[in-house]
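**Q**
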Amino acid sequence: MAADCRMYEAKFPEVDDVVMVQVKNIAEMGAYVSLLEYNNIEGMILLSELSRRRIRSISSLIKVGRQEPVMVLRVDKEKGYIDLSKRRVSEEDVAACEERYNKSKMVHSIMRHVASTTDADLEDLYVHVGWPLYKRFGHAFEGFKQMVANADEILKTLTKEVKETDPETGKEAVKQVPAMTPDVQYALIKDIRRRMTPQPLKIRADIELKCFQYDGVLHIQDAMRKGEKAGSEECPVKIKLVAPPLYVLTTQTLDKDLGIAALEAAIQAASDEIEKHKGKLLVKEAPRAVSERDDRLLAEKLEKLDAANREVDGDEDSEEEEDEGMGDIDVEAGPALSEP
1 MAADCRMYEA KFPEVDDVVM VQVKNIAEMG AYVSLLEYNN IEGMILLSEL SRRRIRSISS
61 LIKVGRQEPV MVLRVDKEKG YIDLSKRRVS EEDVAACEER YNKSKMVHSI MRHVASTTDA
121 DLEDLYVHVG WPLYKRFGHA FEGFKQMVAN ADEILKTLTK EVKETDPETG KEAVKQVPAM
181 TPDVQYALIK DIRRRMTPQP LKIRADIELK CFQYDGVLHI QDAMRKGEKA GSEECPVKIK
241 LVAPPLYVLT TQTLDKDLGI AALEAAIQAA SDEIEKHKGK LLVKEAPRAV SERDDRLLAE
301 KLEKLDAANR EVDGDEDSEE EEDEGMGDID VEAGPALSEP
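Counting along the sequence shown from 1, when you hit position 71 you're at 71 in UniProt numbering, and nothing is skipped either side.
Now the structure itself:
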């Protein structure tokens, strides 16, 4: 039973394809690599194909263990030789290769997990499920995305042929059956939904909000309300004070562009309102998608500021208590003389 398999139906890439490789070894002639999308078959980046510029140090251009997008120059399918180039890959090629590889890696991870947990054959799973989805959708990843909400519609199109012998006549007949058994189907749908159900993105912007007019604090509060009202049901906007004059705007959405647009509208609404009262809004960090780490760091910062504020309040209380406790001392009598 196959424990691993190439990601695509073709056993070898075509000339001029840009593929993702991992550097295994660096030799005098160039670098030996594994083609990650083709079940780690070996290829070689020739020394002359590492860079357009004069090479002073190979280690500055390529390192063992690093993943690199490279272009296929020659493929000898009989001998298994694959010559590759790093220097011929454009920035657009790199972006397209990385996007495709990340999708393929996700599909491969799901397929391997399903095969290992159900004792299904990985290559058989690719033959009857993965590769047909690549043909139909351009990439199996897009097929998996549709299966999140509409699995039955796609699964009924995935079939395979099996030979059955008629017990009465003894004749063999070919029959179309579902590509997967019910337990494999269940495992696949469960894993796809667990990993590929869209997660809301957190969008954030950092601003400074100032108003030195009479009742400036109230004008700032009005500006914050106007900003929050600019949000929508899909992208509700929240504005929090970090420490005057710094404020943070946040929203959550499945659509990054929609979230950024919502925060931009909120910033404009708040800016228009504060400028009516001769205040000013300054964008410190434009709206952007933030990671869980960024969000955690902000939460920690707010928590520290809150704790610091509580400590200040506590200090003020203690000072007042100390002042009240000095009532029995005659402060006008002067300092006590020390005994000789």
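Beta carbons: idealized from backbone N, C-alpha and C, even for Gly.
In this text, all values refer to a predicted model and were calculated from it rather than measured experimentally.
1) Could you give the DSSP three-state label for PRO198: helix, strand or coil?
2) Exposed or buried, which one is TYR214 when buried takes at least 16 other CB atoms within 10 Å?
3) Can you tell me where the beta strand (DSSP E) holding ILE274 begins and where it ends?
4) Starting from the Cα of ARG19, find the closest Cα among GLU28, LYS63, LYS79, LYS105 and give me that residue.
5) How many whole angstroms separate the CB atoms of TYR134 and GLU9, which I take to be in contact at a CB cut-off of 8 Å?
6) Report the three-state DSSP secondary structure of ALA31 (helix, strand or coil).
7) From THR182 to TYR81, what does the alpha carbon distance come to, in whole angstroms?
8) Does CYS291 come out as helix, strand or coil in the three-state DSSP assignment?
9) Just to confirm, is the Cβ distance from LYS77 to LYS171 under 9 Å?
10) What separation, rounded to the nearest whole angstrom, lies between the Cα atoms of VAL177 and THR159?
11) Is it a yes or a no for the stretch 243 to 251 touching the stretch 208 to 226, going by three-plus beta-carbon pairs under 8 Å?
12) Give a yes or no on whether the C-beta atoms belonging to LEU281 and GLU228 are separated by under 9 Å.
13) By Cβ distance, which residues of its chain are closer than 8 Å to PRO200, with the 5 residues on each side in sequence left out?
14) Classify TYR38 as helix, strand or coil using the three-state DSSP reduction.
15) Determine the contact status of ARG136 and THR118, defining contact as a CB-CB distance below 9 Å.
16) What does a CB cutoff of less than 7 Å around THR197 pick up in its chain, not counting 5 residues either side in sequence?
17) Thinking just about the alpha-carbon of each residue, which of MET7, ASP206, GLN67, VAL94 is nearest to the one in TYR32?
18) Please state the DSSP three-state secondary structure of PRO13.
19) In whole angstroms, give me the CA-to-CA distance for ALA173 and LEU125.
20) Report the three-state DSSP secondary structure of GLU92 (helix, strand or coil).
21) With distances taken Cα to Cα, identify the nearest neighbour of CYS235 among GLY143, GLU98, GLU264.
22) Are GLN22 and ASN40 closer than 9 Å when you measure CB to CB?
23) For ASP272, which of ALA230, ARG296, ILE260, ASP306 has the nearest alpha-carbon?
24) Between GLU142 and ILE239, what straight-line distance do the alpha-carbon atoms span, to the nearest angstrom?
25) From what residue to what residue does the alpha helix (DSSP H) around VAL148 run?
**A** Result, derived from the coordinates:
1) Counting from 1 along the sequence shown, the entry for residue 198 is found at position 198. Coil at PRO198, not helix or strand.
2) Residue mapping note: residue 214 aligns to position 214 of the sequence shown, counting from 1. By the 10 Å Cβ count, TYR214 comes out exposed.
3) Your numbering for residue 274 matches position 274 in the sequence shown. Taken as a continuous stretch (DSSP letters only), ILE274 belongs to no beta strand (DSSP E), being part of the alpha helix (DSSP H) at 256 to 275.
4) Position 19 of the sequence shown, counting from 1, holds the residue named residue 19. Reading the sequence as shown, one finds Val at residue 19 and not Arg. Nearest option by C-alpha distance: LYS105.
5) Stepping through the sequence shown from its first residue, residue 134 is reached at position 134. Stepping through the sequence shown from its first residue, residue 9 is reached at position 9. Indeed, because the Cβ distance is near 7 Å, the residues count as touching under 8 Å.
6) Translated into positions along the sequence shown, residue 31 becomes position 31. Of the three classes helix, strand and coil, the one that applies to ALA31 here is strand, per DSSP.
7) Numbered from 1 along the sequence shown, position 182 holds the residue referred to as residue 182. Numbered from 1 along the sequence shown, position 81 holds the residue referred to as residue 81. A small correction: the amino acid at residue 182 is Pro; Thr does not occupy that position in the sequence shown. Between PRO182 and TYR81, the C-alpha separation is close to 41 Å.
8) Numbered from its first residue, the sequence shown carries residue 291 at position 291. Correcting the residue type first, residue 291 is Ser in the shown sequence and not Cys. SER291 falls in the coil class under three-state DSSP.
9) Walking along the sequence shown from the start, residue 77 turns up at place 77. Walking along the sequence shown from the start, residue 171 turns up at place 171. No, Cβ-Cβ distance for LYS77 and LYS171 is not below 9 Å.
10) Position 177 of the sequence shown, counting from 1, holds the residue named residue 177. Position 159 of the sequence shown, counting from 1, holds the residue named residue 159. C-alpha separation (whole angstroms): 5 Å.
11) yes
12) Residue mapping note: residue 281 aligns to position 281 of the sequence shown, counting from 1. Residue mapping note: residue 228 aligns to position 228 of the sequence shown, counting from 1. No, they are not a contact pair.
13) Locating residue 200 in the sequence shown gives position 200, counting from the first residue. For PRO200, where only same-chain residues beyond five positions count, the Cβ hits under 8 Å are GLN252, THR253, LEU254.
14) Translated into positions along the sequence shown, residue 38 becomes position 38. Helix at TYR38.
15) Counting from 1 along the sequence shown, the entry for residue 136 is found at position 136. Counting from 1 along the sequence shown, the entry for residue 118 is found at position 118. No.
16) Indexing the sequence shown from 1 puts residue 197 at position 197. Contacts found: VAL148.
17) Start at 1 with the first residue of the sequence shown, and residue 32 comes out as number 32. TYR32 has its Cα closest to that of GLN67, out of MET7, ASP206, GLN67, VAL94.
18) Indexing the sequence shown from 1 puts residue 13 at position 13. It is coil, neither helix nor strand.
19) The residue labelled residue 173 in the question sits at position 173 within the sequence shown. The residue labelled residue 125 in the question sits at position 125 within the sequence shown. Taking the straight line joining both Cα atoms gives about 23 Å.
20) For the purposes of this step, residue 92 is taken as residue 92 along the sequence shown, with counting starting at 1. Helix, per DSSP.
21) Walking along the sequence shown from the start, residue 235 turns up at place 235. Per the Cα distances, GLU264.
22) Indexing the sequence shown from 1 puts residue 22 at position 22. Indexing the sequence shown from 1 puts residue 40 at position 40. In contact: GLN22 and ASN40 (Cβ atoms closer than 9 Å).
23) Counted from its first residue, the sequence shown places residue 272 at position 272. Nearest of ALA230, ARG296, ILE260, ASP306 to ASP272, Cα basis: ALA230.
24) Position 142 of the sequence shown, counted from the start, is the residue given in the question as residue 142. Position 239 of the sequence shown, counted from the start, is the residue given in the question as residue 239. The alpha-carbon atoms of GLU142 and ILE239 are separated by roughly 36 Å.
25) If you number the sequence shown from 1, residue 148 lands on position 148. From DSSP, the alpha helix (DSSP H) with VAL148 extends over 140 to 155.
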